[in-house]
Each structure stands twice: as structure tokens, then as C-alpha cells.
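To convert, note that position 449 of the sequence shown is 449 in our numbering; the numbers rise steadily by one, no gaps.
A short worksheet on the structure shown next.
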Amino acid sequence: MYYFGTYEDRAKNFDWSISEKELEYKAGDVLNIGWYCSDRICKMGKGDKPALLWENQAGKEKRYTYHDVRRASNTIGAFLRGLGIKDGDRVCLFMDKVPELYIGFLGVLKIGAIAQPLFSAFGDESLFIRLNDAQTKAIITQRKHAPKVRKILDKLPALEHLIIIDHDPARPLGPREVAFSLDGAAPVETLDIFPTKAEMPSVLHYTSGTTGQPKGVKHVHYSLIGQYLTARWVLDIHDDDIYWCTADPGWVTGTSYGIIAPWALGATQVVLDSGFSAEAWYRFAEKMKVTVWYSAPTAIRSLMKAGDEIVKKFNLSSLRHLASVGEPLNPEAVIWSERVFGLPFHDTYWQTETGAIMLTNFPGMKIKPGSMGRPFPGITATVLDPKTYEPITEPGRVGLIAFQPGWPSMMRTYWNNEHTYKAKFKNGWYLSGDRARIDKDGYFWFTGRDDDIINTGGHLVSPFEVESALLEHQAVAESAVVAKPDEVNMEVVKAFVTLKPGFTPSPDLELEIMNFIRKKLSPLAMPQEIEYVDSLPKTRSGKIMRRVLHAKEWGEEIGDLSTLEND
Ligand code: WT7
């Protein structure tokens with residue numbers, strides 16, 4: 001046992017000032033995440049400690065100490081400043097999991113600009129919606145992703161710079177394009193770090209909404225206080241740990257716990273920039289001697305599927321603590337990991353909006369496989385009656401997961417969308433949009449989302465976004481998008497479509513439509529199945545009843561339709 005005290009001890013007299021004290025932060029001080037994640041660690045005498053051990057699919061390796069990260073993020077920060085990027089400007093990071101993504105993130109924060117990470121598999125339409133909404137001033141990308149940006153440049157007058165980190169000098173730069181190479185640039189030893197205060201914006205993450213377009217979740221530098229302490233206590237990261245967060249920084253897990261928390265803790269983290277394969281993952285964990293591993297249920301289920309035999313080919317005895325987030329973690333996965341690794345996966349629950357872990361299987365706490373655990377100390381969590389929005393007091397009754405606002409890493413608003421932000425609160429509670437029941441011991445059990453959003457492999461996909469994109473295909477007249485069950489990803493996207501006159505259903509057309517969505521939005525949003533129908537179930541006012549189609553897919557009772565029909 002290695003953890004920092006029991007849940008009960010930690011919950012007693014809890015105060016976020018514990019985190020502030022450890023970080024030597026006092027109200028009113030300058031607080032810059034970029035500085036905390038590099039300069040401060042060097043100042044503490046750990047400059048020569050490895051901060052990032054990186055490897056890609058081809059087996060290429062890179063190593064960065066904290067001094068390297070400090071200097072390289074200074075270098076990127078100075079370069080951006082030289083382009084005229086100022087505090088408050090949005091800078092998008094649109095890269096695979098290359099070192100420039102992690103270090104560039106700090107560089108953006110160091111000059112007081114707002115980091116807007118976007119998943120590199122996004123297609124031009126997904127990209128356009130998010131860059132347009134944020135009025136992003138610069139985007140940092142790799143040459144392989146640059147064409148997607150070039151395609152929408154004309155529609156984005158606010159986007160002044162397209163920065164390419166691996167530009168091919170043989171090719172001329174296009175309009176607004178600029179080349180930057182971290183290896184080639186003169187290292188900047190000292191940078192005037194922008195004196196951000198706690199409440200100044202730091203990160204803008206886009207998350208899918210049920211109805212409208214994706215929403216920009218605005219976080220502030222003070223989020224560090226929550227991310228730091230939750231990582232320390234829940235992920236149990238100690239000074240000598242080798243930490244592996246498998247999430248992509250295009251999503252919040254990959255920034256909160258894939259950049260900010262581990263580096264603010266001065267830990268050594270490892271990154272594997274490649275697609276999933278059980279063999280490659282085990283090999284990497286063995287080679288890097290990973291001790292703490294934060295991953296996601298879909299990955300765990302894929303490892304389970306690869307079987308127990310393959311695990312035996314590797315020496316994974318370095319593993320000490322395992323945690324998971326993003327979607328329901330089935331009890332079988334917890335039991336399996338205990339069998340093959342001798343360690344259970346500790347489920348954690350949180351959201352882009354919460355910025356940090358909210359519900360947790362705290363290290364040392366009794367794990368009930370299938371449960372998300374209990375609220376992190378200092379978090380007041382409940383389930384509300386869906387009609388009255390009053391806390392449910394009897395154990396076991398399903399309600400809406402809600403939190404009392406005010407934890408440090410909570411989003412401060414949705415970008416340009418205060419109205420939707422306000423709608424997330426009822427009776428003084430923040431509504432997560434998920435449902436759960438709480439048992440007599442205070443453990444939370446996830447039962448489902450309270451909206452139509454699809455959680456595929458831990459990634460949220462809005463049916464609205466996919467439906468809108470489908471309508472842009474010449475053959476599609478109408479569409480309805482719902483989740484369909486899947487063994488590994490839990491849910492995948494399925495589209496029901498009616499065709500325009502002159503088009504006939506065929507497998508070829510199905511493939512064409514799938515590819516259309518994959519390119520426009522992303523591989524995650526691509527329907528895994530398209531079902532041609534003559535008409536879609538609708539309410540009297542013409543609204544498509546996704547619920548009916550969803551129930552059919554999941555073999556559930558359709559329930560009372562009378563309310564829907566009157567919508
Ligand atoms: C949604 C948030 C912040 C983590 C990455 C996802 C679902 C998250 C769990 C869990 C069941 C979970 C919820 C939540 N979710 N963790 N342990 N068990 N469901 O962030 O993209 O904002 O998604 O993921 O539905 O609302 P996100």
C-alpha cells in the first residue's frame with residue numbers, strides 16, 4: 001500500500017487550501033499552469049528529472065527533462081508572441097500525440113493565451129465548427145493535418161496563422177502559413193511569463209451537446225488546484241512513479257491528467273503515439289516500467305478481448321495502481337484486471353465540464369465492481385429527483401447526478417453561450433446530464449445518460465451533429481442518429497436515413513455515406529451502420545423520435561409515447 005491516507009482521513013476536515021498550500025499558492029497570487037508544470041519543478045531542483053518519455057508507432061523515441069520542457073515551452077511561447085498572439089487569444093493545438101502537443105500546450109498558457117486542443121482525427125467540418133465558434137487566432141498542426149485546415153481557411157477570417165511544426169522546406173508555404181520546428185528553433189532560456197491570475201481562462205475544450213453545436217467548455221488557471229490534488233490522491237502519483245495516461249489531449253482527460261496534473265506533480269510521464277494494439281500497449285508498459293496507469297473502459301475491454309495468454313508474455317510487475325474513466329466500467333473488467341495484473345481498475349467519474357475527478361474509487365477504499373465509487377473529498381454529490389430537482393434521500397432510487405458548484409476546476413461558462421451554461425443549474429445544483437443510484441454505503445452506480453448523446457468508446461458524439469452532416473450528403477433526405485450496442489465500444493453510432501427521390505438503397509451508398517461522415521466529422525462519429533427506412537417516427541409537431549429507434553436497437557420497451565407525440 002502506497003497511497004496518501006484513507007478516504008475517511010482525507011474527507012475529514014477537507015479543504016481545497018490543502019492543495020493551495022502544497023502548490024505554495026495564496027489567493028491573489030499569479031497562477032500560471034505553464035509555469036507550474038515546468039519552471040516550478042526546475043526551481044524545486046528537479047530540472048534534470050525526465051518529464052516526458054515519448055515513443056511513436058515506428059519505435060522512434062524522444063526524452064525530455066523538466067529543463068527541456070521548460071525551455072521548449074518558452075521557445076514555443078516566444079514564437080507565438082512573435083506572431084502577435086496575446087493573452088486571451090485562442091490557439092488551437094491540432095496534432096497527434098507528438099511532444100510539440102504537450103509542450104506547446106504549456107507554451108500557449110505561458111503567454112496567457114487560451115489553449116484549444118482538438119482531436120487530430122477531426123475532419124474539416126468538425127474543425128470548422130470549433131475554430132469558428134472560438135474565433136481562434138492560430139492553429140498549430142502537422143503537415144499531414146494541414147490540408148484539413150487549408151480547406152476551411154477562407155471561411156475563417158479570424159484564423160491568422162497556420163503553424164506547421166514539420167514543414168517540408170521543398171514545398172512553398174501557403175497563405176497565412178508559417179513553419180516552426182522545435183528542434184530547429186533557438187532555445188529560449190527565459191520567457192516573461194504572462195502573470196495570469198486564478199480566474200483567467202486557460203483551456204477551451206469542445207464537448208458535444210444534445211441539440212445545438214458543440215460547446216466550448218471554458219476552464220481557468222485555478223483548475224490546477226483541483227487537478228493537482230485529485231491526481232495525487234486518486235491516481236496516487238508519487239515522485240518515483242512512471243505514469244501513463246492513455247488519453248489523447250484532444251479530450252479533457254488528456255489535458256487535466258495527461259499534461260497538467262502529472263507535470264504539476266513533477267512526475268515522469270510516458271506517451272505512446274500510436275493506435276491501439278494489446279501487444280504494443282503491454283510492450284510499452286513493460287519497457288517504460290509503468291507504475292500508474294490511467295486508461296478507459298473501451299481500451300480495457302479490448303485488452304480483455306486479446307486474452308490472458310498475451311499478458312503472460314510481458315513482465316508487467318512494475319504496475320502498481322490502475323484507474324479508468326470515460327464510460328461505464330463493467331464489473332467483469334475490474335475482476336479481470338485483478339486476475340491478470342493482480343490489481344483492480346479504479347473507476348473514476350467526471351466530465352469535460354467538471355475539469356477534474358468527481359467520483360472516485362479512492363485508493364485503499366473497498367471497491368464494489370461496477371460502481372463509480374464515492375465523491376472526492378470536498379465534492380458534494382447527490383442524485384436529484386428528475387421532476388422536483390430535490391435530492392433523493394432513500395438509497396437505490398435512480399436520479400440525476402448533481403454536484404454543488406464551487407469546486408476549483410469547474411468550468412466557468414460555455415464559450416459564447418452563457419444561456420446554455422445557466423441551464424445546467426437547478427435549485428443551486430450543477431446537473432451533470434447523467435443518471436445514477438446511490439447505495440446505502442454512498443457508492444454511485446451509473447445507470448445512463450439523461451440525453452441522446454452517444455458515448456462511443458469514451459468519446460461523446462452528438463446525434464445532432466451527425467444528423468446535420470448527413471443532411472449535407474446529396475442522397476439523404478432525413479436522418480435520425482442513435483446509439484447501437486457494441487461489445488467493445490459499448491455504444492456505436494447508427495443512422496436511420498430516408499433517401500431523396502432518385503436514390504436507391506445499396507451497400508455501396510451505405511459505404512459512401514459512412515466515409516462522407518468520417519471525413520467531414522471524424523472516425524468516431526462515423527455511423528457503423530446505416531439503415532434505410534421509408535419514413536422516420538415523428539411527433540405530431542414533426543420532431544423525430546430518436547427514443548423509439550433507440551429502444552428498438554436496445555430491445556427495450558418503447559414506453560409511453562403520448563407525451564412524445566404532443567411535443
Ligand atoms: C461523460 C463525460 C472526463 C472524462 C472523459 C469524458 C461519461 C465519464 C464515467 C464513468 C460511466 C462515465 C458520462 C459523463 N462518463 N466517466 N466512470 N462511468 N460514465 O469526458 O467527454 O465530457 O464525457 O462520460 O456520461 O457525463 P466527457
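Cβ coordinates follow ideal geometry from the N, Cα and C atoms, glycine included.
Under DSSP, C42 takes part in no beta bridge, so it has no partner. Taking the C-beta atoms as reference points, I85 is found no nearer than 8 Å to F194. For Y430, no alpha helix (DSSP H) run applies; the uninterrupted beta strand (DSSP E) run containing it begins and ends at W429 to I438, by DSSP. Listed in chain order, the beta strand (DSSP E) runs fully inside the segment 108 to 149 are 114 to 117 and 138 to 141, counting runs of at least 3 residues. One alpha carbon belongs to T196, the other to D240, and they sit about 30 Å apart. Shortest gap from the CB of E327 to any heavy atom of the ligand WT7: under 7 Å.
Note: I18 is not bridge-paired with any residue in the DSSP secondary-structure output. Setting aside the 5 residues that flank it on each side, N56 is surrounded in the same chain by D273 and S274, each with a C-beta closer than 7 Å to its C-beta; the list follows chain order. Annotation: the continuous beta strand (DSSP E) that includes Q269 extends over T268 to D273. In the structure shown, W350 falls within a coil segment according to DSSP collapsed to helix, strand and coil. Look at F79: its beta carbon is at least 7 Å from all of the heavy atoms in the ligand WT7. In this structure, the straight-line span from the alpha carbon of Q142 to that of I164 is close to 5 Å. With a threshold of 16 other beta carbon atoms within 10 Å, N74 meets it and is buried. The residue among G82, E529 and A58 with its C-alpha nearest the C-alpha of P507 is E529.
Within its own chain, the residues whose Cβ lies closer than 8 Å to the Cβ of E553, once the five positions on either side in sequence are excluded, are V482, A483, K484, P485 and K494, listed in chain order. Closer than 7 Å to some heavy atom of the ligand WT7: that describes the Cβ of N455.
Here G370 has P331 as same chain residues with Cβ atoms under 6 Å from its own Cβ, once five neighbours each way along the sequence are excluded. Looking at the DSSP output, H459 bridges to T456. The Cβ-Cβ distance between R374 and G442 falls below 8 Å. Annotation for R437 indicates a beta carbon at 7 Å or more from all heavy atoms of the ligand WT7. Remark: the shortest separation between the CB of L460 and any heavy atom of the ligand WT7 falls under 7 Å. Nearest to A261 by C-alpha distance, out of A278, G250 and Y243, is Y243. Between the alpha carbons of W350 and V178 lies a gap of roughly 38 Å. Rounded to whole angstroms, P408 and I18 show a C-alpha spacing of 12 Å. When DSSP states are grouped into helix, strand and coil, R339 belongs to the helix group.
With a cutoff of 8 Å on beta-carbon distance, P214 and S208 are scored as near each other. Burial is judged here by how many other beta carbons sit within 10 angstroms of a residue's own beta carbon; A186 has fewer than 16 and is exposed. When the beta-carbon positions are compared, T230 and F128 stay at least 8 Å from each other. Two segments are said to touch when three or more pairs of C-beta atoms, one from each, lie closer than 8 Å; by this definition the segment 57 to 69 does not touch the segment 19 to 35. Three or more beta-carbon pairs separated by less than 8 Å link the segment 134 to 141 to the segment 91 to 111, which places the two stretches in contact. Look at Q351: its beta carbon is less than 7 Å from one of the heavy atoms in the ligand WT7. In this structure, the straight-line span from the alpha carbon of I379 to that of T447 is close to 20 Å.
Per DSSP, R176 is not a residue of any beta strand (DSSP E), being assigned neither H nor E.
The C-alpha of S181 lies about 6 Å from the C-alpha of D166.
Within the segment 490 to 538, the complete alpha helix (DSSP H) segments at least 4 residues long are 507 to 520, listed from N- to C-terminus. Counting other Cβ atoms within 10 Å of its Cβ, T211 stays below 16 and is therefore classed as exposed.
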